[in-house]
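In this note's numbering, the protein residues as written are 2 to 231.
Even for Gly, the Cβ is constructed at its ideal location relative to N, Cα and C.
Here's the structure we're looking at; comments come further down.
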């Protein structure tokens, strides 16, 4: 069971998150979209990526911009293992997937799909042919795109999507140590993602990973997956 932890800002935070059990770590590189305090300077993205490579952990770049050219430029510059499109006004298409492979041949593509009702099934199936991952998430906000709401949604829709697509499904939306096992049993995804419930949020809105909660999340996910033989 892949454990994906968002949203990393500092190098030491990334190292501690990986040591706590994360398989993927996500961060928001400097770009036009997103909350400014959560964006990571590109020189620091490089440092975090080096630490990921040492540990066999995948770095996920979260795209909050809605400009596909900016996304392609960032992928070319940073060469992440995964590019996650989460912007609220842009969805990847087959042409974007081809462009990404041209500039970053080893980068996989993840598309966020908002699960607000059963129409999410058709949206997931539409992107399925040309993405590597589909991230199922809750909430839509101007500053964060799809996700980062801390809210769960109808898991029965997600379970149906898992059965109907070929892409690897990452379950997101209000995932934490308290409910990740239940979600895995209900949905049987490829991986699980956590941001809000494994972070400390300060008064100024700044987020920092809560390492004990990260460890508890990863352990609960692994235990549930082992029990199910996933």
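According to DSSP, residue i sits in a beta bridge with which residue or residues?
i           : result
residue 85  : 63 and 111
residue 122 : DSSP output for residue 122 lists no bridge partner at all.
residue 9   : Residue 9 pairs with nothing; no bridge assigned.
residue 4   : 193
residue 100 : Answer by DSSP bridge pairing: none, since residue 100 is not bridged.
Any heavy atom of the ligand GTP closer than 8 angstroms to the CB of residue i?
i           : result
residue 122 : With respect to small molecules bound, the structure shown includes none, and the ligand GTP cannot be examined in it.
Between which two residues does the alpha helix (DSSP H) harbouring residue i extend?
i           : result
residue 46  : 43 to 56
residue 29  : From DSSP, residue 29 is part of no alpha helix (DSSP H) but of the beta strand (DSSP E) over 25 to 30.
residue 93  : Counting along the chain, residue 93 falls outside any alpha helix (DSSP H), and DSSP gives it neither H nor E.
residue 1   : Nothing about residue 1 can be reported from this structure: the residues present for the chain run from 2 to 231 only.
residue 204 : Where residue 204 is concerned, there is no enclosing alpha helix (DSSP H), given that its DSSP letter is neither H nor E.
residue 74  : 69 to 79
Please state the DSSP three-state secondary structure of residue i.
i           : result
residue 223 : helix
residue 233 : What the structure shows of the chain is the stretch from 2 to 231, and residue 233 is not part of that stretch, so it cannot be assessed.
residue 209 : strand
residue 143 : In this prediction, residue 143 scores a pLDDT of 49, lower than 50, which makes its location untrustworthy; no coordinate-derived value is stated.
So residue i and residue j are supposed to be a Cβ contact under 8 angstroms. How far apart are they, rounded?
i           : j           : result
residue 15  : residue 219 : The Cβ separation is near 15 angstroms, so there is no contact.
residue 122 : residue 171 : About 16 angstroms separates the two Cβ atoms, so there is no contact after all.
residue 33  : residue 68  : 6 angstroms
residue 83  : residue 64  : Not quite, the Cβ-Cβ distance comes to about 11 angstroms (not below 8 angstroms), so this is no contact.
residue 133 : residue 109 : 4 angstroms
residue 216 : residue 21  : 4 angstroms
Taking the beta strand (DSSP E) that residue i belongs to, which residues open and close that run?
i           : result
residue 138 : 134 to 138
If you scan the segment 160 to 197 from start to end, which runs of the beta strand (DSSP E) of 3 or more residues do you find wholly inside it? Qualifying beta strand (DSSP E) stretches, in chain order: 169 to 172 and 192 to 195.
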